[in-house]
Amino acid sequence: MQVRDISRIKYEPQLIQANHWLAAAKRLEDLDALASELAWKSLEQYVHPHLRQHLSICVKKLVEKGEAMRQRLHTGTATAYEIERFKRSYLQVETLMDFYADALATRTNPATTATLKACDYIAEHSMRTLLEPLGHTTPAVITYIDKGMGASILKAGLRLWDDSENPAAAIKIVRHNLLRPTALIHEAGHQVAHITGWNEQLSAALRKALLKYGVDFAESWAAWSSEIAADIFAFVHTGFASVAALHDVVDGPSRGVLHYSPGDPHPISFLRVLVGTECCRQRFGNGIWDHMRHNWMRRHPLENARPKTAALVRASIPLLPEIVKVLLDYPLRAFQGKSISQQIDVNAVHPASLQRTADLYGNSFYTSAPLLLKAPLIRLAWNGYQLIAEPAQAEQFQDQQRSWMQLLGTSIK
2 MQVRDISRIK YEPQLIQANH WLAAAKRLED LDALASELAW KSLEQYVHPH
52 LRQHLSICVK KLVEKGEAMR QRLHTGTATA YEIERFKRSY LQVETLMDFY
102 ADALATRTNP ATTATLKACD YIAEHSMRTL LEPLGHTTPA VITYIDKGMG
152 ASILKAGLRL WDDSENPAAA IKIVRHNLLR PTALIHEAGH QVAHITGWNE
202 QLSAALRKAL LKYGVDFAES WAAWSSEIAA DIFAFVHTGF ASVAALHDVV
252 DGPSRGVLHY SPGDPHPISF LRVLVGTECC RQRFGNGIWD HMRHNWMRRH
302 PLENARPKTA ALVRASIPLL PEIVKVLLDY PLRAFQGKSI SQQIDVNAVH
352 PASLQRTADL YGNSFYTSAP LLLKAPLIRL AWNGYQLIAE PAQAEQFQDQ
402 QRSWMQLLGT SIK
């Protein structure tokens, strides 16, 4: 090999940069390096190819853009700005790939994988129950574990970092609630609202119903419609279990429970729990939720709230029966002129109904895979109710929850 005269080597910074970022983009083509074979196989059959295809297309477009950029460099028509733009495109696609890599990486072993597959199925089932009769397609779901207090969702159909549409509803379930995952249904409710237009219509319904109590009061409640809709979606599917889980997540020092931030879509936590207990009272009659309500109000006296917050809460408490009636019974275009409680049978998650169903099936209530596949939500509702009604047996109920979720997960193809 002839030694080149190093003093005559031409420095080509733009080509060097282009080569670097194009090579990095090509390395993203190996989707098997993104996640383990076990993680990919843990996705339901209809999710796996759809997600892989979406990611492959994103990377293919990126590589094609990079190849075209490098070709223009060779012809002298590319600019430094074009290289910088490609670099940003790479980072956007990389962010997308890393998000799903991190999500899939939480499927670390067969037991966790089965539990998350069950979570995928439960969330998808809750959406399909409402969306399918309305003529909407139910999006694919991928759940993953993360730290923290509350769940979250990256909704299917949203524009992502690389300007593509998110191919699946990616739902974060926090580790401490993995065996009490009613928050999955809350997050699925956000997806349903996005598809149907529920949030906007519920906001208008609340504004109309409450305007007689003052514009500011009506606007405050209307502004909370997105989070309230998700809470209601969780309630109609899992009953008191969703209220109890929400209570435990938002409980804490009174200054936080009674905090009010105008513009925040989350209702004041104090009122949010009371909405849940009022839902139970209206649909189920008297029960343990009445004790929860009493304890909640005693633990968090309004004297601990700022004056403006205390005034809003005091005005809201006597109107909660009227507000909850709007939430559960107001007919909306989103539901083809019906209310949410007409679309989803709330009576199915009445504690007495849940107990009758559990007694009817006996051991097979938790051990029959076909029954779990058919109605996973009533198992979630019943377990969540029993955790509160019989706390001395909490360990037994958690073991039941773990067992049936793993059976459900291993039964899904």
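Residue numbers (my numbering): 2 to 414. Built from N, CA and C at the ideal position, the CB exists for glycine as well.
| Asked | Found |
| --- | --- |
| Minimum C-alpha distance to Asp252 - residue among Thr239, Ala230 and Leu275 | Leu275 |
| Opening and closing residue of the beta strand (DSSP E) in which Lys173 lies | Ala169 to Val175 |
| Outcome for Tyr145 when other beta-carbon atoms lying within 10 angstroms are tallied against a minimum of 16 | buried |
| Alpha-carbon to alpha-carbon, Trp222 and Lys209 | 11 Å |
| Pair within 8 Å by beta-carbon distance, Phe236 and Gly264 | no |
| Delimiting residues of the alpha helix (DSSP H) encompassing Asp252 | Premise fails: Asp252 is in no alpha helix (DSSP H) and is neither H nor E. |
| Burial state of His75, where buried means 16 or more other Cβ atoms lie within 10 Å | exposed |
| Rounded C-alpha distance that separates His191 from Thr80 | 43 Å |
| Cβ distance (whole Å) where Gly151 is taken to contact Val244 below 8 Å | Rounded, the Cβ-Cβ distance is 15 Å, inconsistent with contact. |
| Option in Ile379, Leu185, Arg129 and Ile17 with minimal Cα separation from Asn348 | Ile379 |
| Euclidean distance between Cα positions of Arg86 and Ala230 | 40 Å |
| Nearest neighbour of Ser255, chosen from Ser227, Ala219, Leu303 and Leu212 [CA to CA] | Leu303 |
| Leu409 vs Thr368 beta-carbon contact at 8 Å | no |
| Three-way DSSP call (helix, strand, coil) for Glu166 in this model | strand |
| Any C-beta of chain B under 8 Å from that of Ala184 | No chain B is part of this structure, which consists of one protein chain only. |
| Identity of the residues DSSP links to Val142 by a beta bridge | Ala170 |
| Burial state of Ser404, where buried means 16 or more other Cβ atoms lie within 10 Å | exposed |
| Test item: CB-CB of Ala115 and Val142 under 8 Å | no |
| Span of the beta strand (DSSP E), counted from its first residue to its last, around Ile154 | Ser153 to Leu155 |
| Spatial neighbours of Arg271 in its chain, beta-carbon cut-off 7 Å, leaving aside the 5 residues before and after | The identity of residue 271 in the sequence shown is Phe, whereas the question assumes Arg. Excluding residues within five positions, the ones whose Cβ falls inside 7 Å are Val258, Leu259, His301 and Val314. |
| Which of helix, strand or coil DSSP assigns to Arg160 | strand |
| Asp265 - DSSP class collapsed to helix/strand/coil | coil |
| Classification of Gln356 by the beta-carbon crowding that lies within 10 angstroms, buried from 16 upward | exposed |
| Test item: CB-CB of His187 and Asp121 under 8 Å | no |
| Asp346 in three-state terms, based on DSSP | coil |
| Secondary structure of Leu440, DSSP reduced to three states | The chain is shown only over 2 to 414; residue 440 falls outside these bounds and no answer can be derived. |
| Beta carbon of Ser153 nearer than 8 Å to that of Arg108 | no |
| Beta carbon of Ala390 nearer than 8 Å to that of Gly240 | no |
| Through-space distance from Leu159 to Glu166, alpha-carbon basis | 5 Å |
| For Ala353 and Asp360, the rounded distance between their alpha carbons | 10 Å |
| Selection from Met293, Gly288 and Gly286 that minimises the alpha carbon distance to Arg273 | Met293 |
| Range of the contiguous alpha helix (DSSP H) that encloses Asn200 | Trp199 to Leu211 |
| Neighbour-count burial assignment, Arg176, 16 or more Cβ in a 10 Å radius | exposed |
| Simplified DSSP state of Asp31, which is helix, strand or coil | coil |
| Distance between beta carbons of Ala184 and Ile174, contact taken as under 8 Å | 7 Å |
| Chain-order list of residues whose beta-carbon lies under 6 Å from that of Ala428 (same chain, five-residue window excluded) | Since the displayed the chain opens at 2 and closes at 414, residue 428 lies outside it and no answer follows. |
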